[in-house]
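So the structure is just underneath, and the comments pick up after that.
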Amino acid sequence: MPTPRASSRSAESRSPSQEDFTPLPSVSERFAHLNPSHDLLEYYRKKIADFDEEHEELVKRLEKYKQTYDEQHQLQWEVCSLEEEIAELQKALSDMQVYLFQEKEQVLRLCSENDRLKLRWAVLRYCSAKASTDSGTRWCFQHRYHTKLSPPEHKYVMLGKVKALQAQIEEQTRLTKEQVQALLEDRRIQMEEAEARHQKDQDKIKAVTEKLHKTQNLLYESTRDFLQLKFDARASEKAWMAEKDSLLRKLGKDLDHLAFSTDSGQKKQRELKSMFQANDGTSKLHSREIKLLQDKLVQEKHLSHMYREQCLSLEGEVARIREERDAGKELFQERSEKMGKRLKMMTQRCEALEKRRSMEVEGFKNDIKQLQQKLKDVEKKIYKMALNLGPDQDLAILREVHQGNNLTRKIQGELKDLKAKIYTLEDELRHC
1 MPTPRASSRS AESRSPSQED FTPLPSVSER FAHLNPSHDL LEYYRKKIAD
51 FDEEHEELVK RLEKYKQTYD EQHQLQWEVC SLEEEIAELQ KALSDMQVYL
101 FQEKEQVLRL CSENDRLKLR WAVLRYCSAK ASTDSGTRWC FQHRYHTKLS
151 PPEHKYVMLG KVKALQAQIE EQTRLTKEQV QALLEDRRIQ MEEAEARHQK
201 DQDKIKAVTE KLHKTQNLLY ESTRDFLQLK FDARASEKAW MAEKDSLLRK
251 LGKDLDHLAF STDSGQKKQR ELKSMFQAND GTSKLHSREI KLLQDKLVQE
301 KHLSHMYREQ CLSLEGEVAR IREERDAGKE LFQERSEKMG KRLKMMTQRC
351 EALEKRRSME VEGFKNDIKQ LQQKLKDVEK KIYKMALNLG PDQDLAILRE
401 VHQGNNLTRK IQGELKDLKA KIYTLEDELR HC
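Below, the structure is given as structure tokens:
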């Protein structure tokens, strides 16, 4: 079956002698007879196998990431449940403290009632003893608990009541202080927990915002890369199709030019007809066509080899880009690990400095207390010496005063040095 161009040209230069020519096969039929090489098939089979392995590896990695995220989500739920349990336990502890204070108040009320009954019992026993020993004194009980007493006895009873009331006031004061301290402690704990919860929420919001920003950036980059790859693939496909069309057109033109190019070709056709009539001309035409097809086959092999080299170079470029990406990821992970270790080390140093500062401050406070105590002892000695002064002790007093002044200046210098050390430590901790 002749090609469209061949048929159009043959229609323009149609002659009665063309009917006896053998029709040429189409371009698609001629390409169908060109079998691909074994190396090319093996190369693409290997590439497909590599792509399948890479796909399986990516699927496994995604499953691993999914499992990790599920475990993290489960741990977060467990932490939330533990925080709820801790809050319930703290609430129960506060309720127990309230109940404990109520019980203490009840105990104080019972103690006050017990003291009152003890005083009444002591008065009654004293009155009974007095009535049994002193028959001349007359006792009358006006009410159930009221008794008429003499002034010394009334003073004794009032002293007992005052002592009982003082004990009750002390117990009540101690209980009130304990309640106030417990309330202040609860308030401090609640404020610390609220601040920690607020800080935790702020950190979560910040982390989620950063993750959202990173996810949006990754989505933007992935979409951009996907669109770029799609555009490149379409451009490559268009270029390949254009090159294929040009090759097919060139091949068709060459074949058409071989058979139906010019008037000389038509003359050659007539000559070929006469030659076809003879066996000699037919064999020469076939050999020429075979040679032309062999040249075209060599050219196609050369083009396929060139395309294969281009594919290999592009695959090498992709592999290099992947290696650079993996190296960048490893470098980023190493830097992140180093920064984490450095942060941990700095945190430990800060904790050690804070502990050292607290210990040194405690030591400085103890030293200051000791120096203050020494100063008080010196003042007491000076006061005692001033009390024991005689007319001949002026020189000794002046000497002692001079020594006391020197000791005072020395103590003041030590106090200044201690304050300077405390200030320097606070500045170091503030800069850390």
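Numbering follows UniProt numbering, with no gaps: position 360 of the sequence shown is 360.
We put the CB at the ideal spot given by N, CA and C, even for glycine.
Cβ of residue i within 7 angstroms of Cβ of residue j?
i, j, result
"Q97", "A182", "yes"
"Q168", "S112", "yes"
"L108", "E171", "yes"
"L184", "K104", "no"
"R357", "L425", "yes"
"residue 435", "F364", "Since the first and last residues shown for the chain are 1 and 432, residue 435 lies out of range."
Using CA atoms only, rank isn't needed, just tell me which of the options is closest to residue i.
i, options, result
"Y383", "Q372, G404, Y44", "G404"
"R187", "V318, E56, Q90, G328", "Q90"
"S94", "S81, R116, R335, Q179", "Q179"
"Q166", "R116, E323, K381", "R116"
"L110", "E71, K64, E78, A164", "A164"
"W240", "D225, L303, K200", "L303"
"T173", "Q74, Q333, S313, F101", "F101"
"residue 462", "R288, E243, E351", "Nothing can be reported for residue 462, as the shown portion of the chain is limited to 1 through 432."
"A233", "L314, E362, S336", "L314"
"E83", "V59, R197, E54", "R197"
"K46", "L247, L312, H402", "L312"
"I189", "E54, Y220, I86, E78", "I86"
"E42", "V298, R308, R349", "R308"
"K200", "C80, K177, H73", "C80"
"K161", "W121, Y99, T209, K177", "W121"
Only counting the same chain, and skipping five residues up and downstream in sequence, which positions put a Cβ closer than 7 angstroms to that of residue i?
i, result
"D367", "L418"
"D263", "Here the model assigns D263 a pLDDT of 49, short of 50, so the residue's position is not dependable and the matter cannot be decided."
"V378", "G404, L407"
"D225", "none"
"E53", "none"
"I321", "none"
Residue i and residue j look like a contact to me (Cβ under 8 angstroms); what is the Cβ gap, rounded to whole Å?
i, j, result
"E428", "L375", "Not a contact, Cβ separation roughly 30 angstroms."
"K296", "L251", "6 angstroms"
Please return the same chain residues whose Cβ sits closer than 6 angstroms to the Cβ of residue i, not counting the five positions on each side in sequence.
i, result
"E237", "none"
"F21", "In this predicted model, F21 has a pLDDT of only 41, less than 50, meaning its place in the structure is not dependable; the value taken from the coordinates is given anyway. Around F21: no qualifying Cβ."
"A420", "none"
Leaving out five residues before and five after residue i in sequence, what residues of the same chain have Cβ atoms less than 8 angstroms from its Cβ?
i, result
"K355", "none"
"G413", "none"
"N114", "none"
"I48", "none"
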